[in-house]
Amino acid sequence: MVDHDLRDFESQNPMYLDTVPNAKHPEEPVFAMVGTGPLCENPGLPVTMVCQKCKCEIETRSSSCGRVECPQCWGTWARRAAERAAARTWGAFEAGVSQHHPRHITFDIDTVDWKQAKQKALDFGFTGGLLVIHPWRIKPSYQAELAELADKLKVNRYEAWRRSGLGMDALLWSPHVHAICYGKGIPIKQGTHDYEYKMIRKLNSLDAVQGVAFYVLSHTFTPLTANHRAYRYFGICSPQKLKPDWVGQVSDLLRCPNCGFPMVFEGSNECKEVSTYTARGWHEVIKIPGVKVPGSGGRKKQIIPTPEPFYAWDIAV
Ligand SMILES: [Zn+2]
Ligand SMILES: [Zn+2]
Numbered sequence: 010m011v012d013h014d015l016r017d018f019e020s021q022n023p024m025y026l027d028t029v030p031n032a033k034h035p036e037e038p039v040f041a042m043v044g045t046g047p048l049c050e051n052p053g054l055p056v057t058m059v060c061q062k063c064k065c066e067i068e069t070r071s072s073s074c075g076r077v078e079c080p081q082c083w084g085t086w087a088r089r090a091a092e093r094a095a096a097r098t099w100g101a102f103e104a105g106v107s108q109h110h111p112r113h114i115t116f117d118i119d120t121v122d123w124k125q126a127k128q129k130a131l132d133f134g135f136t137g138g139l140l141v142i143h144p145w146r147i148k149p150s151y152q153a154e155l156a157e158l159a160d161k162l163k164v165n166r167y168e169a170w171r172r173s174g175l176g177m178d179a180l181l182w183s184p185h186v187h188a189i190c191y192g193k194g195i196p197i198k199q200g201t202h203d204y205e206y207k208m209i210r211k212l213n214s215l216d217a218v219q220g221v222a223f224y225v226l227s228h229t230f231t232p233l234t235a236n237h238r239a240y241r242y243f244g245i246c247s248p249q250k251l252k253p254d255w256v257g258q259v260s261d262l263l264r265c266p267n268c269g270f271p272m273v274f275e276g277s278n279e280c281k282e283v284s285t286y287t288a289r290g291w292h293e294v295i296k297i298p299g300v301k302v303p304g305s306g307g308r309k310k311q312i313i314p315t316p317e318p319f320y321a322w323d324i325a326v
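Below is the structure:
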């Protein structure tokens with residue numbers, strides 16, 4: 010008990026400079042950032058791809074293990090997860106369930122808790138969408154350094170952090186949610202610093218949704234078990250409420266995670282062919298009232314929604 014009391018006291022009364030590691034939040038050791046686990050045995054050779062439109066660069070591999078925790082191959086995992094997540098999220102607009110485009114918003118939660126994340130999003134007046142939880146933020150004292158490194162390496166700040174070797178000391182335990190969601194949302198109170206949720210922007214295309222999904226998945230936590238997903242749906246986007254007629258893989262060019270433009274191998278005009286997840290024919294699941302089954306004692310026959318097709322690459326192997 011003494012240890013706990015001391016830890017609480019220290020976190021509320023910071024006596025040390027930021028350079029001294031903070032006492033860890035009791036929940037924190039359970040979680041690991043995407044791409045910070047063991048490296049695979051054969052990550053292939055690095056291949057730099059460049060966006061001809063926005064000039065951003067990403068490092069891909071000639072072969073990838075596709076594991077969420079691999080420091081070199083997590084990007085493959087994030088791209089595949091973002092394709093699926095974006096398809097379903099944008100699907101609600103395609104199906105006409107929402108007449109408006111989704112928005113990227115963020116809000117704080119007390120602990121890494123999907124139930125609380127869903128409930129808060131609904132309480133803020135959003136009708137459905139995608140949720141990703143981030144357990145950490147970059148400590149204010151490391152923000153400038155990592156922003157500079159990110160510019161130099163042409164990567165986002167969290168990838169700069171991964172490559173910096175600074176480790177968890179540069180991150181602050183600060184659970185919050187990124188949502189790509191539909192609905193108007195309750196008005197944000199003006200002139201106050203404590204926000205309930207923060208509106209980042211409206212996303213006007215499937216590519217835009219996929220770009221944000223990739224970005225937020227790039228620095229979430231590795232799912233705790235092989236059956237868990239790094240993201241969840243709520244409301245009108247949940248699998249019980251929204252379904253595609255067809256899902257499959259189609260051949261496409263590797264596209265920029267920021268702007269959706271096809272990328273080329275560094276120093277060439279050559280694109281890279283990849284297979285991507287595609288879903289078509291999104292529609293709302295209409296609940297048909299249960300039919301009384303004779304001899305069932307008045308119980309109603311349940312209509313069980315068909316589960317979404319499952320892909321092996323959805324889980325970490
Ligand atoms: Zn790997
Ligand atoms: Zn681009």
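Residue numbers (my numbering): 10 to 326.
Note that the Cβ used here is the ideal one computed from N, Cα and C, for glycine as well.
Which whole runs of the beta strand (DSSP E) in the segment 200-281 are 3 residues long or more, in chain order?
-> 207-211, 241-244, 255-262 and 272-274
Counting pairs of beta carbons, one from the segment 271-288 and one from the segment 223-240, are three or more of them closer than 8 angstroms?
-> As far as the Cβ criterion goes, the segment 271-288 does not touch the segment 223-240, which means the pair count is below three.
Residues in its own chain within less than 6 angstroms of R241 by CB, not counting five upstream and five downstream?
-> Residue mapping note: residue 241 aligns to position 232 of the sequence shown, counting from 1. Excluding positions up to five away in sequence, the list reads W123 and L140.
Cβ pair T120, H187 closer than 8 angstroms = Against the sequence shown, residue 120 aligns to sequence position 111. Against the sequence shown, residue 187 aligns to sequence position 178. No, Cβ-Cβ distance for T120 and H187 is not below 8 angstroms.
Cα-Cα separation, R264 to G53 | In the sequence shown, residue 264 corresponds to position 255, counting from 1. In the sequence shown, residue 53 corresponds to position 44, counting from 1. Near 20 angstroms, if we compare the C-alpha coordinates of G53 and R264.
Under 8 angstroms, do G105 and C246 count as touching if we go by C-beta distance?
-> Here residue 105 is taken as the residue at index 96 of the sequence shown, counted from 1. Here residue 246 is taken as the residue at index 237 of the sequence shown, counted from 1. Not in contact: G105 and C246 (Cβ atoms no closer than 8 angstroms).
Which listed residue (L48, M58 and H185) has its alpha carbon closest to that of P80 | Counted from its first residue, the sequence shown places residue 80 at position 71. Selected option, being the one with the closest Cα: L48.
Terminal residues of the continuous beta strand (DSSP E) containing D178?
-> Looking up residue 178 in the sequence shown gives position 169. It is not in any beta strand (DSSP E) - D178 carries neither H nor E in the DSSP assignment.
Can you pull every residue whose C-beta falls closer than 7 angstroms to some heavy atom of ligand 1, listed in chain order?
-> L48, C49, P52, S73, C74, R76, C79, Q81 and C82
Which residue comes first and which comes last in the alpha helix (DSSP H) that contains D132?
-> As a first step, residue 132 must be located in the sequence shown, where it is residue number 123. Run containing D132: W123 to D132, per the alpha helix (DSSP H) assignment.
Touch check for the segment 252-260 and the segment 283-298: three-plus C-beta pairs under 8 angstroms?
-> yes
Ignore the nearest five residues each way along the sequence and tell me which others in T98's own chain have a CB closer than 7 angstroms to its CB.
-> In the sequence shown, counting from the first residue as 1, residue 98 sits at position 89. Take T98, set aside five residues on each side of it, and the residues of its chain with a beta-carbon closer than 7 angstroms to its own are P111, G138, L139, I189, V218 and C246, in chain order.
Where F116 sits in the DSSP three-state scheme | Along the sequence shown, read from residue 1 onward, the residue named residue 116 stands at position 107. Strand, per DSSP.
Kindly give me the distance between the Cβ atoms of P266 and F230, rounded to whole angstroms, as I take these residues to be in contact under 8 angstroms.
-> The residue given as residue 266 occupies position 257 in the sequence shown. The residue given as residue 230 occupies position 221 in the sequence shown. Not really, about 20 angstroms apart at Cβ, beyond 8 angstroms.
Relative to the C-alpha of P196, which residue among Y151, D132 and L162 is closest?
-> On the sequence shown, residue 196 is found 187 positions in, with the first residue counted as 1. If we check each option's Cα against that of P196, D132 comes out closest.
Can C268 be considered in contact with ligand 2, in the sense that its beta carbon sits closer than 7 angstroms to one or more heavy atoms?
-> For this step, residue 268 is matched to residue 259 along the sequence shown. Yes - ligand 2 has a heavy atom lying nearer than 7 angstroms to the Cβ of C268.
Spatially closest choice to A153 from A130, C268, G174 and A179, by CA coordinates = For the purposes of this step, residue 153 is taken as the residue at position 144 of the sequence shown. The candidate whose alpha carbon is nearest that of A153 is A179.
Could you say which of L226, K211 and Y191 lies nearest to S107 if we only look at CA atoms?
-> In the sequence shown, the residue the question calls residue 107 occupies position 98. Measuring from the Cα of S107, the nearest candidate turns out to be Y191.
Any heavy atom of ligand 2 closer than 7 angstroms to the CB of C246?
-> Translated into the one-based positions of the sequence shown, residue 246 becomes position 237. Result no, Cβ not under 7 angstroms from ligand 2.
Residue(s) in a DSSP beta bridge with T85 = As a first step, residue 85 is located in the sequence shown; it is residue number 76 there, counting from the start. T85 pairs with nothing; no bridge assigned.
W145 - containing beta strand (DSSP E), residue span | Position 136 of the sequence shown, counted from the first residue, corresponds to residue 145. Start and end: G137 to I147.
Three-state secondary structure (DSSP) of A41 | Within the sequence shown, residue 41 is the residue found at index 32, counting from 1. Coil.
Best match in L162, W182, S71 and S260 for proximity to F40 [C-alpha to C-alpha] | Translated into the one-based positions of the sequence shown, residue 40 becomes position 31. Of the listed residues, the one whose Cα sits closest to F40 is W182.
How about C65: is its Cβ closer than 7 angstroms to a heavy atom in ligand 2?
-> For the purposes of this step, residue 65 is identified with residue 56 of the sequence shown, where counting begins at 1. Result yes, Cβ under 7 angstroms from ligand 2.
Start-to-end residues for the beta strand (DSSP E) that takes in E68 | Start at 1 with the first residue of the sequence shown, and residue 68 comes out as number 59. Looking at the DSSP string, the run of the beta strand (DSSP E) that includes E68 is E66 to R70.
Any heavy atom of ligand 2 within a distance shorter than 7 angstroms of the CB on K281?
-> Translated into positions along the sequence shown, residue 281 becomes position 272. Outside the cutoff, so no.
Helix, strand or coil: how does DSSP classify A156 here?
-> Along the sequence shown, read from residue 1 onward, the residue named residue 156 stands at position 147. Helix.
In three-state DSSP terms, what is S107?
-> In the sequence shown, the residue the question calls residue 107 occupies position 98. Three-state result, S107: coil.
Buried or exposed: S73, going by 16 or more other Cβ atoms within 10 Å of its Cβ?
-> As a position in the sequence shown, residue 73 is number 64, starting the count at 1. Counting Cβ neighbours within 10 Å, S73 comes out buried, since at least 16 surround it.
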